[in-house]
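Counting from 6, one number per residue, gives the positions in the first sequence under our numbering.
Heads up, the thing below is written out as C-alpha cells.
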Amino acid sequence: MQKDSEVEVSENIENINQLMKQRLQKLEEMRASGETAFKSKFARTHLLADVIHAYSEIEPGENTGQEVTVAGRIMAIRRHGKASFMALKDRTASIQLFLSLGTLGEENYKKFLDYDIGDIVGITGTVFKTRRGELSIDVKDFTLLTKSLRPLPEKWHGLKDVETRYRQRYVDLIINPHARQTLLTRVKVVKAIRKWLDNRNFLEVETPMLQAIPGGATARPFITHHEALDIDLYMRIAPELYLKRLIVGDLERVYELNRNFRNEGLSVRHNPEFTMLEVYQAYADYIDMMNLCESLIKYAAEEAVGTLKLTYQEQPVDLSGEWQRLTMIESIEKYGGVKVSFDQSLDELRKIASEHGIRLEEHYGKGRIINEFFEKLVEGKLWQPTFVTDYPTEISPLAKKKPDNPDVTERFELIIIGLEVGTAFSELTDPVDQLTRFEAQVKLHEYGDEEAPKAVDYDYVRALEYGMPPTGGLGIGIDRLVMLLTDNYSIREVISFPHMRPEKG
RNA sequence: GGGCCCGUAGCUCAGCGGUAGAGCAGUUGCCUUUUAAGCAAUUGGUCGAAGGUUCGAUUCCUUCCGGGCUCACCA
6 MQKDSEVEVS
16 ENIENINQLM
26 KQRLQKLEEM
36 RASGETAFKS
46 KFARTHLLAD
56 VIHAYSEIEP
66 GENTGQEVTV
76 AGRIMAIRRH
86 GKASFMALKD
96 RTASIQLFLS
106 LGTLGEENYK
116 KFLDYDIGDI
126 VGITGTVFKT
136 RRGELSIDVK
146 DFTLLTKSLR
156 PLPEKWHGLK
166 DVETRYRQRY
176 VDLIINPHAR
186 QTLLTRVKVV
196 KAIRKWLDNR
206 NFLEVETPML
216 QAIPGGATAR
226 PFITHHEALD
236 IDLYMRIAPE
246 LYLKRLIVGD
256 LERVYELNRN
266 FRNEGLSVRH
276 NPEFTMLEVY
286 QAYADYIDMM
296 NLCESLIKYA
306 AEEAVGTLKL
316 TYQEQPVDLS
326 GEWQRLTMIE
336 SIEKYGGVKV
346 SFDQSLDELR
356 KIASEHGIRL
366 EEHYGKGRII
376 NEFFEKLVEG
386 KLWQPTFVTD
396 YPTEISPLAK
406 KKPDNPDVTE
416 RFELIIIGLE
426 VGTAFSELTD
436 PVDQLTRFEA
446 QVKLHEYGDE
456 EAPKAVDYDY
466 VRALEYGMPP
476 TGGLGIGIDR
486 LVMLLTDNYS
496 IREVISFPHM
506 RPEKG
C-alpha cells in the first residue's frame, strides 16, 4: 500500500473533478509566484467571539477604527461588484468580512476574491457595523494560511448523507453545527465527571486494555496476539477486575474513564468500542453508589447542558427530583403487568414466559428467566430515570447476595429513555463464593455460551483472598449518557469516528 | 445473520423503459453595505458495480459492494 501511494495520488489527480482541478490550478499559480499556500503560524489578536463580545453594541453604520487580527475558514463568499462579503468562522464564532476595492486596491481585491470557500485565512481589519446592523471586519490585510482543495458541501442543506458524515467526520464538523455541538457537549460531560470525582478524592487510574483473561462482564471479546510472548490476548470487555485489585491494594477510591471493546453486533446503541466510567469506593455499598450515580449524572447534566429538564426524541425526560427506585420483580408487575417471583417453580416461570412470547435457552435458571421478563416487558418502557434493584444472582456473578435473599444481589441498573445507562453493586468480596461463581460461568462457556468466560481468573480470586474491603462499584455508559444529553438517537452520532466497513475492497 | 428501504453532478434532490434535470457550489459578465444577495450566460454525470431481459435500461430482474432502519445478541 505505502509504496503505491505516489501512484495513487497522481491517479487521483487525473480522476478528480473540475472543481478540484481549478483549485489545484490556483495552487500552482501561487507557487509560481513564490507564495506558499500552506503557511506555518499566525498570531491572532482576537477570537471571533471576542470581537463580537467587545463590539456587538455599536450602532449600524458606525466604524470603530479598532484594528483586529483574526483567522478562520471562509464559509461563504458574496461577490458584489466593487465591494464584497465573506463569512469567516473560527472555533468560537462566525463573523462577516467586508472587502472593498477602495480599501484593498484593485490587485489585492481581486486576489482575495479569488480565494475559495473552505480556504483558511488570516485577516487584519477594522471593526464596524453595516447599515443593516451586521457586525463586520473591514479587511485591510489578508493572507492565505491553508488552501482548501476540495469543495465543501452546500451552505444551506449542509452534509446530510449519513455515511459521508461518519466516514468524513471532519467535513461534518466543518459544515454541521449540530455535529460540533454534540462533540463539545461530550467533552463537557467527561470533564464534569472527572471534576466531580476528583473533588471527592477518587483517583483516576489506568488498567490493562490487553488482558489474558477477559473478565468483568459477559461479552465476546476481540482477540489479538502478542508476538514476542506468542500468546493470545484479549481487548478488555471491562476494567472491573483490575480496578478491584486496586481496591484490594488499599487505594479505597478509584475510577477509570476509558474504552471497552466488545466483539458483538453494531446497532444504534452499540459500538464495538465504547466509553465506560467505572467507579469503586471502599466501605460503601450499592445504595451509596446509587446516591453517587444520581448526584454525578445530575452534576454532569447541569455542567454540560445547563438543565435537568431534558427532551429526548420529542419526549420530556426529567432528571430533577428523586429518581424512582424499585425492585426488578416490582417493575415487572408495574410495567409488564406480570406477577413473577422466585417462589414459583422453574416450570411455572417457563410457562408464563412462553405465554408472553419470551424465548428461553435450555440452561436458563429462574434468575435469568426473570431477567428476560424485565428486558422484554419493562426496560424499554422506563423513560424517566429509574433505579431497578435486586438483580438476580444468576446474572450477577460479581455482586454480593442480599443477606435475606440469596436469589438476588445488592445491585441496581439505572434505566433512562429505555436504555441501560448504568449498573452498580455491592462488590462480592468473598473469595470462596467468587470462585464458585466463576466456575459456574466457565461451565456455561463449555455448554456453548460464547459470551461466558473461558477461564477462571485465579489471580483475581487470590487477590480477594488477601481481603477486599466492602466496596461499592458503579459503571456508567458515557456514550449513552451523551446520547441522552444531546438528544441523539444513534450512538454513532456521539462517537467521533464510529466503526464502518473499510471504504474500498 | 434475517427483514424492509436507500445509492443520479462537489453538496441537496427530481426523473423511473426512448438515451439526464433543478437549486446551491464552480466559471464568465454586471453590480461599493450584502447576508440562502440579485440579474444574465455557462461548465460539470461510465445514474454504486457486474450480469440478464429488451430494438433500446438510470428506470425491470439477479448477484455483488456500501449505507440506513429493524429483529436477533449485547451495554
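Backbone N, C-alpha and C fix where the C-beta goes; we use that ideal spot for every residue, glycine too.
Here the structure is a predicted model, which is why all the values come from computation and not from measurement.
- Per the Cβ contact rule, the segment 353-367 is in contact with the segment 377-388 (3 or more Cβ pairs under 8 Å).
- Taking the C-beta atoms as reference points, residue 482 is found nearer than 8 Å to residue 426.
- Residues of the same chain with a CB within less than 8 Å of the CB of residue 229, apart from the 5 flanking positions on each side, are 215, 237, 238, 239 and 240 in chain order.
- The residues 248, 252, 259, 476 and 478, in chain order, have a CB closer than 6 Å to that of residue 285 in the same chain once the five nearest residues on each side in sequence are set aside.
- Restricting attention to 422, 464, 371 and 336, the CA atom closest to the CA of residue 394 is found in 336.
- A residue is called buried once 16 or more other Cβ atoms fall within 10 Å of its Cβ, and residue 24, having fewer, is exposed.
- When DSSP states are grouped into helix, strand and coil, residue 75 belongs to the strand group.
- Here the alpha carbon of residue 416 sits roughly 20 Å from the alpha carbon of residue 445.
- The segment 299-383 contains, as complete alpha helix (DSSP H) runs of 4+ residues, the segments 333-341, 351-360 and 371-378 (chain order).
- Residue burial annotation: residue 22 is exposed, with fewer than 16 other C-beta atoms found within 10 angstroms of its C-beta.
- For the alpha helix (DSSP H) assignment, the uninterrupted runs of no fewer than 4 residues enclosed by the segment 47-123 are, from N- to C-terminal side, 53-60, 106-109 and 111-118.
- Rounded to the nearest angstrom, the gap between the Cα atoms of residue 170 and residue 347 is 49 Å.
- For residue 247, the enclosing alpha helix (DSSP H) stretches over residues 245-253.
- According to the DSSP assignment, residue 204 belongs to no beta strand (DSSP E) but to the alpha helix (DSSP H) extending over 182-204.
- About 4 Å separates the CB atoms of residue 449 and residue 457; that is less than 8 Å, so the two are in contact.
- Excluding sequence positions up to five before and after residue 185, its CB lies within less than 8 Å of the CB of 178, all in the same chain and listed in chain order.
- The segment 189-197 makes no contact with the segment 206-213: fewer than 3 CB pairs, one atom from each, lie closer than 8 Å.
- No Cβ-Cβ contact shorter than 8 Å links residue 57 with residue 102.
- By the criterion of a C-beta distance shorter than 8 Å, residue 104 is surrounded in its chain by 88, 89, 90, 91, 114, 117, 118 and 144, once the five residues flanking it on both sides are discounted.
- The beta carbon of residue 490 is closer than 8 Å to those of 190, 194, 305, 306, 309, 310 and 315 in its chain, skipping five residues each way along the sequence.
- DSSP places residue 207 outside both helix and strand once states are collapsed to three, so it counts as coil.
- About 6 Å separates the beta carbons of residue 76 and residue 95, which is inside the 8 Å limit, making them a contact pair.
- Boundaries of the alpha helix (DSSP H) harbouring residue 26: 23-37, taken from the DSSP string.
- Residue 134 has 140 as its beta-bridge partners, per DSSP.
- Residue 265 and residue 281 have their C-alpha atoms roughly 7 Å apart.
- The three-state secondary structure of residue 163, taken from DSSP, is coil.
- The closest CA to that of residue 33, considering only 152, 47, 46 and 86, is found on 152.
- For residue 430, the uninterrupted beta strand (DSSP E) run begins and ends at 424-431, by DSSP.
- Residues 238 of the same chain have their beta carbon placed closer than 6 Å to that of residue 231, with the five preceding and five following residues left out of the count.
- In the three-state scheme derived from DSSP, where H, G and I count as helix and E and B as strand, residue 173 is classed as coil.
- Nearest to residue 132 by C-alpha distance, out of 351, 59 and 173, is 59.
- Within the same chain, 301 and 304 come within 6 Å of residue 201 by CB-CB distance, once the 5 residues on both sides are set aside.
- With 16 or more other Cβ atoms inside 10 Å of its own Cβ, residue 130 counts as buried.
- Between residue 162 and the set 181, 147 and 172, the nearest pair of CA atoms involves 181.
- Under the DSSP assignment, residue 283 falls in the beta strand (DSSP E) whose first and last residues are 278-287.
- Take residue 154, set aside five residues on each side of it, and the residues of its chain with a beta-carbon closer than 8 Å to its own are 25, 28, 29 and 32, in chain order.
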